[in-house]
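Shown next, in structure tokens, is the structure this report addresses.
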Amino acid sequence: MKILIMLLVVTFLSLITIEICNSFDDSKTHPDLTRIAIKNAHISDYLINQLGFLEGTEKQLTTYWFPTSKTILTWLMQGSTDEDSPTCRASNHFHDPLKAWTESYVTDSPAIIQAWCRDVPPVWPQYPNITWATGYETRGVKLTTPMDRQDMNWDNAHGYFYSALTETDHYKRDDYFVKTFRALGQVMHLLEDMAVPAHVRNDFQSHLALLSLSLAFDPTAQINVSRYQGELS
Amino acid sequence: MAYGKFWDFNSGYTKRGSQMKFIKTLSNVLTLLLLSGCYSGISGKVVDGVNGNPLEGALVLTQWTTTSGLPGLTHHSVYKIEETETNKEGKFSISGVYNPFVDPPAMVIYKKGYVPWRNDMDFMNHTWERYDDIIWKNGITYRLEHWKSEYQILRLDSFVGHGIIGSSFNITPIYSKIMSELSRESQLEVDKSKQMKVR
Numbered sequence: 003m004k005i006l007i008m009l010l011v012v013t014f015l016s017l018i019t020i021e022i023c024n025s026f027d028d029s030k031t032h033p034d035l036t037r038i039a040i041k042n043a044h045i046s047d048y049l050i051n052q053l054g055f056l057e058g059t060e061k062q063l064t065t066y067w068f069p070t071s072k073t074i075l076t077w078l079m080q081g082s083t084d085e086d087s088p089t090c091r092a093s094n095h096f097h098d099p100l101k102a103w104t105e106s107y108v109t110d111s112p113a114i115i116q117a118w119c120r121d122v123p124p125v126w127p128q129y130p131n132i133t134w135a136t137g138y139e140t141r142g143v144k145l146t147t148p149m150d151r152q153d154m155n156w157d158n159a160h161g162y163f164y165s166a167l168t169e170t171d172h173y174k175r176d177d178y179f180v181k182t183f184r185a186l187g188q189v190m191h192l193l194e195d196m197a198v199p200a201h202v203r204n205d206f207q208s209h210l211a212l213l214s215l216s217l218a219f220d221p222t223a224q225i226n227v228s229r230y231q232g233e234l235s
Numbered sequence: 003m004a005y006g007k008f009w010d011f012n013s014g015y016t017k018r019g020s021q022m023k024f025i026k027t028l029s030n031v032l033t034l035l036l037l038s039g040c041y042s043g044i045s046g047k048v049v050d051g052v053n054g055n056p057l058e059g060a061l062v063l064t065q066w067t068t069t070s071g072l073p074g075l076t077h078h079s080v081y082k083i084e085e086t087e088t089n090k091e092g093k094f095s096i097s098g099v100y101n102p103f104v105d106p107p108a109m110v111i112y113k114k115g116y117v118p119w120r121n122d123m124d125f126m127n128h129t130w131e132r133y134d135d136i137i138w139k140n141g142i143t144y145r146l147e148h149w150k151s152e153y154q155i156l157r158l159d160s161f162v163g164h165g166i167i168g169s170s171f172n173i174t175p176i177y178s179k180i181m182s183e184l185s186r187e188s189q190l191e192v193d194k195s196k197q198m199k200v201r
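So the protein sequences, as listed, match chains A and B.
Mapping the first sequence onto my numbering, position 89 (from 1) lands on 91, and the numbers just tick up by one.
Mapping the second sequence onto my numbering, position 90 (from 1) lands on 92, and the numbers just tick up by one.
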């Protein structure tokens, strides 16, 4: 009994003291990448010359429903953070370029996660990154039905931008601009994910490896060469 | 019922007493673990790293986040964000958080003309490390080094803003204003650098 309790305590302590290291963290890496990308892309020039925002990306915008004031740059970074929330959004962040856009989404996530996210087709479809980001099923073919849980893709950003440009009410216009930049930030998150090897192949298991939980779900996660066939050939 | 023996944790002579001793230890460990997520209010001092003079008006910002989601699909939400400025003596105080499920706080100290300080990164050595010994401790004197012109402002911008996702002009006006200024300066630096490359 004594040994058993000691073992339980040691196991419990070792489990809760694991330090998680996320290379593409939603609160740090993604917003940082967005910050640097926006600066290098000279978005400020467009905002000043085309939209008349003299402060460029430092123009403050306030939301209509919840009066929070942030700069355009901060709204873009906020979008890059928000794309991972709620939990199951990130299961739409994978794209295997060796497959057609209709089937390039991730499929190797554990059954428990698939069940939790209710992404078993056709009840709750799961999308590849590129479709999730653009709203297009394949090149030039738009999805015939709107995507569940997705109102912040490239197409939506266009829509919000159009509404912002045509809205006459000052507060509503700023709100549409906020939505435009947040949606753009979320699309940037998806583009940034395409620089992660695990996101451009069918490899959800790597995310579990980060948490040292892959072995609990899939004993072959570390050695299953078949998952890397495309890259190796 | 041998009530006295049942609660006699120090005796250890009976089997029941021995078990209770372990239960007590276990409960103490669990209580400590729960309390480890609680951060009482702290105070400290910010001084010039060269002459030790107190720095007035230095920003001290602290952000607590919570991590939620499923394995492999985790995300962060801001639990609390608080900012303050140092007084004439360079002193500041920050209120705490009492939630066992909160992540360790991110703390940033910055004053224009000085190298900023964070509890999870080192600006000078280009390293990312948590200073666990001073991560949340009372009475620490933070010594800020002088800023040098050869340092990159874009890096300073990223360093001060890294992982601070709960800022807004309504909640953290001082920090937001500083970030806005840094962002403008870093954009100028990027533009200048691009012009140099074109030439």
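Every residue, glycine too, gets a C-beta built ideally from N, C-alpha and C.
Since the structure is predicted, the reported quantities are computational estimates derived from the model, not experimental observations.
DSSP places residue 145 of chain B inside the beta strand (DSSP E), whose first and last residues are 142-146.
With a contact defined as Cβ atoms closer than 8 Å, residue 82 of chain A and residue 33 of chain A qualify at about 5 Å. For residue 40 of chain B, the number of other beta carbons within 10 angstroms of its own is below 16, and it is reported as exposed. Taking 9 Å as the Cβ-Cβ cut-off, the segment 88-117 of chain A approaches chain B at 88, 89, 90, 91, 92, 93, 111, 112, 114 and 115, given in chain order. Bounds of the alpha helix (DSSP H) holding residue 177 of chain A are 172-195.
The secondary-structure analysis by DSSP pairs residue 138 of chain A across a beta bridge with A:144.
69, 70, 71, 72, 73, 74, 75, 76, 77, 78, 79 and 80: these are the residues of the segment 68-89 of chain B whose beta carbon lies less than 9 Å from some beta carbon of chain A, given in chain order. Interface with chain A (8 Å Cβ-Cβ cutoff): residue 103 of chain B is excluded. With respect to the C-alpha of residue 146 of chain B, the residue from B:30, B:112 and B:63 having the closest C-alpha is B:112.
Under the three-pair Cβ rule at 8 Å, the segment 179-190 of chain A counts as touching the segment 76-96 of chain A. In this structure, the straight-line span from the alpha carbon of residue 200 of chain A to that of residue 77 of chain A is close to 27 Å. At the C-beta level, residue 98 of chain B and residue 42 of chain B come within 8 Å of one another. Put simply, the backbone Cα of residue 139 of chain A is about 57 Å away from that of residue 58 of chain B. Residue pairing by DSSP places residue 108 of chain B opposite B:65 in a beta bridge.
At least one CB atom of chain A sits nearer than 8 Å to the CB of residue 165 of chain B. For residue 83 of chain A, the uninterrupted alpha helix (DSSP H) run begins and ends at 74-84, by DSSP. For residue 160 of chain A and residue 178 of chain A, the gap between their C-alpha atoms comes out near 11 Å. Partner residues in the beta bridge of residue 86 of chain B, as assigned by DSSP, are B:62.
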